[in-house]
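Note that the sequence shown covers residues 1327 to 1737 in the numbering used here. We put the CB at the ideal spot given by N, CA and C, even for glycine. This report refers to the structure that appears directly beneath it.
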Amino acid sequence: MLKQILSKLPKKSSKTADSREHGRNHATYSGVSGGSRSSDLGAGKSGNLSVSSFPVPNSKADVGSKVANLRPNGNHVFSAYEALPAFKDVPASEKQNLFIKKLNLCCVVFDFTDPTKNLKEKEIKRQTLLELVEYVTSSNGKFSDAVLQEIVKMISANLFRSLNPQPRENKVVEGLDFEEEEPSMDPAWPHLQIVYEFLLRFIASPETDAKLAKRYVDHSFIIKLLDLFDSEDPREREYLKTILHRTYGKFMVHRPFIRKAINNIFFHFIFETEKHNGIAELLEILGSIINGFALPLKEEHKVFLVRVLIPLHKPKCLAMYHQQLSYCITQFVEKDCKLADTVIRGLLKYWPITNSSKEVMFLNELEEVLEVTQPPEFQRCMVPLFRRIARCLNSLHFQVRKFSKLCSALP
1327 MLKQILSKLP
1337 KKSSKTADSR
1347 EHGRNHATYS
1357 GVSGGSRSSD
1367 LGAGKSGNLS
1377 VSSFPVPNSK
1387 ADVGSKVANL
1397 RPNGNHVFSA
1407 YEALPAFKDV
1417 PASEKQNLFI
1427 KKLNLCCVVF
1437 DFTDPTKNLK
1447 EKEIKRQTLL
1457 ELVEYVTSSN
1467 GKFSDAVLQE
1477 IVKMISANLF
1487 RSLNPQPREN
1497 KVVEGLDFEE
1507 EEPSMDPAWP
1517 HLQIVYEFLL
1527 RFIASPETDA
1537 KLAKRYVDHS
1547 FIIKLLDLFD
1557 SEDPREREYL
1567 KTILHRTYGK
1577 FMVHRPFIRK
1587 AINNIFFHFI
1597 FETEKHNGIA
1607 ELLEILGSII
1617 NGFALPLKEE
1627 HKVFLVRVLI
1637 PLHKPKCLAM
1647 YHQQLSYCIT
1657 QFVEKDCKLA
1667 DTVIRGLLKY
1677 WPITNSSKEV
1687 MFLNELEEVL
1697 EVTQPPEFQR
1707 CMVPLFRRIA
1717 RCLNSLHFQV
1727 RKFSKLCSAL
1737 P
């Protein structure tokens, strides 16, 4: 009996050893570094994810589900999130694989609402993002299909998120300077800025083949990029403006879609909400696009002027984007002088009656348009125009009277 019992002991020991060996292999796979990390995890601290825990997805749906599961939160404990070797420390043949691993590492999105959380991991990601920017900038050789897929996956995981606007009253006070409002800054900007810089360098890189990249920088990607223009952080909108302009220039196949998508944002703003943070930036992009329109102007572009740009004078918050809008309008008149009559009559249609500060903006714009208006077009609209100026000359507001005199003095 005793021999039977003793004979069983090695088997148990062997099984335990196997179990431990399996556990060790699993720990190596998941990137757990050792005892201190294990004790941190046991204490309930939020840990990290290793590159090996980021398998390459087989579908776009798989990408979304995995990225969602990787977002740190208070109720989830991660395995180790460790820095990868620098590009200079690996042979050239391994750099592309390392690049993909670093992209996967940066798919983890950390919570910046708590500044004391995941400090080490956030710094590792920040440094890795900087390395990715440097790699894209100095890369030699076209990006492959697999690399493009991983690049867009990482960008999407970090940038495409729901914007949470601060609650504010929808009131527009006459004479209010909107630029004096304190802008809302995104706490995740330390990472977001580098991802935006990475996207900008990626779009501008000569190694990015537009014919191949358009499969991933597609209509869905562009729509999500445009949605971010409603961000309250002006730093983010500035990056978006530059990136969208570069995208418009590089991906010629997407140009009509981009113009149409911007038009839809404007329609929604003019006729439904009158709320959007990025109208000025979008108009600034369009000003550059309009400047590049070939002559004679297409009918599509003239329709855009009549149905979108002129009605943009209607919202009460015109002051937020009037400078950019006025530039776009003037560009059209300089391109085709026959449009002056259409523009002036459009301004008269939306002329403010009770808002003096808005009236001053209209008079400023009218002055710019009249400077590039030819006599035949001026004669077509001069009767209703001078009727309006005559009313302005009798205004109780001194600035309205002042600018009315300037307009009436134009030849």
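Under the assumption that residue i contacts residue j (Cβ atoms under 8 angstroms), give the Cβ distance between them as a whole number of angstroms.
i, j, result
"E1476", "N1430", "7 angstroms"
"E1607", "L1566", "7 angstroms"
"F1524", "V1459", "5 angstroms"
"R1452", "I1520", "7 angstroms"
"A1587", "L1552", "6 angstroms"
"T1656", "V1695", "6 angstroms"
"G1604", "D1662", "About 28 angstroms; that fails the 8 angstroms criterion."
"F1547", "V1473", "Not quite, the Cβ-Cβ distance comes to about 16 angstroms (not below 8 angstroms), so this is no contact."
"Q1650", "G1613", "6 angstroms"
"D1471", "L1538", "6 angstroms"
Output yes or no for whether 8 angstroms exceeds the beta carbon distance between residue i and residue j.
i, j, result
"F1272", "V1543", "In the structure displayed, the chain extends from 1327 to 1737; residue 1272 sits before or after that span and is not available."
"C1654", "L1674", "no"
"P1513", "T1439", "yes"
"I1615", "H1602", "no"
"P1637", "I1670", "no"
"A1677", "R1633", "The question names Ala, yet the displayed sequence has Trp at residue 1677. Contact: no."
"E1562", "L1570", "no"
"L1455", "C1432", "yes"
"T1534", "F1469", "yes"
"A1666", "E1703", "yes"
"E1691", "C1718", "no"
"F1281", "K1550", "Residue 1281 falls outside the range modelled here, since the chain spans only 1327 to 1737, and no answer is possible."
Quick check: the Cα distance between residue i and residue j, rounded to an integer number of angstroms?
i, j, result
"P1383", "I1450", "Because P1383 sits at a pLDDT of 37, beneath the cut-off of 50, its placement in the model cannot be relied upon, and the point is left open."
"S1364", "A1406", "Unreliable placement is indicated for S1364, whose pLDDT of 36 sits below 50; the coordinate value is still reported in the next sentence. One C-alpha to the other measures close to 9 angstroms."
"S1376", "M1480", "Unreliable positioning characterises S1376 in this predicted model, as indicated by a pLDDT of 35, which lies under 50. The coordinate reading is nonetheless provided below. Distance between the alpha carbons of S1376 and M1480: 15 angstroms."
"N1681", "E1693", "19 angstroms"
"K1320", "M1687", "In the structure as shown, the chain begins at 1327 and stops at 1737. Residue 1320 is therefore absent and cannot be evaluated."
"S1644", "T1599", "Reading off the sequence, residue 1644 comes out as Leu, not Ser. Rounded to the nearest angstrom, the two C-alpha atoms are 14 angstroms apart."
"L1609", "D1415", "46 angstroms"
"H1517", "T1463", "18 angstroms"
"R1581", "V1659", "23 angstroms"
"Y1522", "T1668", "40 angstroms"
"F1436", "L1711", "58 angstroms"
"K1428", "K1446", "16 angstroms"
"N1484", "F1528", "15 angstroms"
"P1532", "K1540", "14 angstroms"
"P1560", "M1511", "8 angstroms"
"E1558", "R1706", "43 angstroms"
Looking at residue i and the ligand MG, is the gap between the Cβ and the nearest heavy atom below 7 angstroms?
i, result
"K1586", "This structure lacks the ligand MG, and indeed carries no ligand of any kind."
Start and end of the alpha helix (DSSP H) containing residue i?
i, result
"C1744", "Because the chain here runs from 1327 to 1737, residue 1744 falls outside it and cannot be looked at."
"A1483", "D1471 to L1485"
"G1672", "A1666 to K1675"
"H1639", "Per DSSP, H1639 belongs to no alpha helix (DSSP H) and is neither H nor E."
"F1592", "R1581 to H1594"
"T1573", "P1560 to K1576"
"V1459", "L1445 to S1464"
"H1627", "E1625 to F1630"
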